[in-house]
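Residue numbers (numbering that gives the first Met the number 0), protein chains in the order written: chain A, 0 to 229; chain B, 0 to 79.
See below for the structure under consideration.
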Amino acid sequence: MNEGPLSPDILFHLGPVPIARQVVTTWGVGLFLLLLGMLAFGPAGARYPRLRAAVELLVEFERAQLRAVLQEDADRYLPFLGSLFLFLLCSNLLGIIPGLAPPTAHPETPAALALLVFLLVHIEGLRVRGILGHLQEYLRPNILLLPIHIVSELSRTFALAVRLFGNIASHELVIGVLLSIAGLLVPVPFLLLSILIGLVQAYIFTILATVFLAAAIGRAAEGEAPEEGT
Amino acid sequence: MNLEIVSVFGAAFAVGLGSIGPALGEGRALAAAMDAIARQPEAAGTLTRTLFVGLAMIETMAIYCLVIALLLLYANPYVG
């Protein structure tokens, strides 16, 4: 009963701060991405042309996706949103490596990432439109709608975190249950499905962050996805 | 019936009933997207991106139910 996805898994204490397993995993993911970037684009980069081409392919894909929503602003936000996507991709896919658990299957990591997205959206909204311009958005079309705007702002950030956590955690649970009732080969197709879910959730988290950002800086492309998440 | 059994029933009903609506909604959205892609295959890229974002929005409802169920099972504030 107490082994659920909602209870943190404390590994050790760093002074008064408890360090959970997910935190260590996210350090590992960060180090892995740093190493990947250094190997592909650092001074030794010329020695790994295939790795560099693969990473470039990935970054070009991200840039194309961002450009479809943000248009000419895409390159400015590519470092943050692209890293977010790569981080989520690695984190979500950790579940298929034996002995590791995706850090996004606990509520803390998605909550932290959603908070980062929330801060980014508002800081950029304030920077691009100015304080008045940014606040005016919340009084449109009428001042009576201000509470609804505030609620929608908070709930969509909450939903961003809960969506990621729920999808990854529920799939971990499903695989756990399958393992306990049917032994060897039955969970394999579900592990394959978990790769798909990890990919799609990383993509959705990033593209939703992009859409929120585009709405905040006033560059929502026409016919784009709804900006108000619930 | 004590509180723990009620919580288990609550969790089961939350997931079971809560996934009906999103399932119907996602089915409709997917059918509409298929229809649109069949009529206009060149717009498949935009449609797919919008579809994924829309499906994520619909799916959030089911995920809320799941979170309620998880809370009831693992972090129930009323069971000691």
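C-beta: ideal position from N, C-alpha, C; glycine also.
Every value quoted in this text rests on a predicted model; they were computed, and no experiment measured them.
DSSP three-state assignment for residue i, whether helix, strand or coil
i, result
"V185(A)", "coil"
"F12(B)", "helix"
"V16(A)", "strand"
"G217(A)", "coil"
"L99(A)", "coil"
"L291(A)", "Look at the range of chain A in this structure, 0 to 229, and you will see that residue 291(A) is not part of it."
"P225(A)", "Bear in mind that the predicted position of P225(A) carries a pLDDT of just 47, short of 50, making it unreliable; the figure below should be weighed with that in mind. In this structure, P225(A) counts as coil in the three-state DSSP scheme."
"N75(B)", "coil"
"G41(A)", "coil"
"H148(A)", "helix"
"Y47(A)", "coil"
"N141(A)", "coil"
"Q70(A)", "helix"
"S18(B)", "coil"
"Q39(B)", "coil"
"P106(A)", "coil"
Bridge partner(s) assigned by DSSP for residue i
i, result
"I203(A)", "Partner(s): none; I203(A) has no beta bridge."
"F11(A)", "I18(A)"
Beta-carbon gap between residue i and residue j smaller than 8 angstroms
i, j, result
"R128(A)", "I216(A)", "yes"
"V66(B)", "V116(A)", "no"
"N91(A)", "G175(A)", "no"
"V34(A)", "V23(A)", "With the sequence shown as reference, residue 34(A) is identified as Leu, and Val is not the correct amino acid for it. In this structure, V23(A) does not lie closer than 8 angstroms to L34(A) by Cβ."
"C89(A)", "L163(A)", "no"
Integer Cβ distance of residue i from residue j, believed to fall under 8 angstroms
i, j, result
"L207(A)", "A55(B)", "7 angstroms"
"P4(A)", "A158(A)", "Contact doesn't hold; Cβ gap of about 18 angstroms is too wide."
"P101(A)", "L93(A)", "5 angstroms"
"A68(B)", "P21(B)", "Actually they are not in contact, since the Cβ atoms of A68(B) and P21(B) sit about 14 angstroms apart, beyond 8 angstroms."
"P7(A)", "E107(A)", "7 angstroms"
"A213(A)", "V58(A)", "Actually they are not in contact, since the Cβ atoms of A213(A) and V58(A) sit about 20 angstroms apart, beyond 8 angstroms."
"A32(B)", "L46(B)", "6 angstroms"
- Query: Taking contact to mean at least 3 C-beta pairs separated by less than 8 angstroms, is the segment 143-162 of chain A in contact with the segment 6-17 of chain B?
  - Reply: A contact between stretches requires three or more CB pairs, one per stretch, nearer than 8 angstroms, and the segment 143-162 of chain A fails this requirement with the segment 6-17 of chain B.
- Message: For the segment 190-201 of chain A against the segment 81-91 of chain A, do three or more pairs of beta-carbon atoms, one drawn from each stretch, fall closer than 8 angstroms, so that the two count as touching?
- Response: With contact defined as three or more Cβ pairs closer than 8 angstroms, the segment 190-201 of chain A and the segment 81-91 of chain A are in contact.
- Message: Would the segment 173-193 of chain A count as touching the segment 36-45 of chain A if we require 3 or more Cβ pairs under 8 angstroms?
- Response: As far as the Cβ criterion goes, the segment 173-193 of chain A does not touch the segment 36-45 of chain A, which means the pair count is below three.
- Query: With contact counted as at least three CB pairs below 8 angstroms, one residue from each stretch, are the segment 167-176 of chain A and the segment 116-135 of chain A in contact?
  - Reply: No, the segment 167-176 of chain A does not touch the segment 116-135 of chain A.
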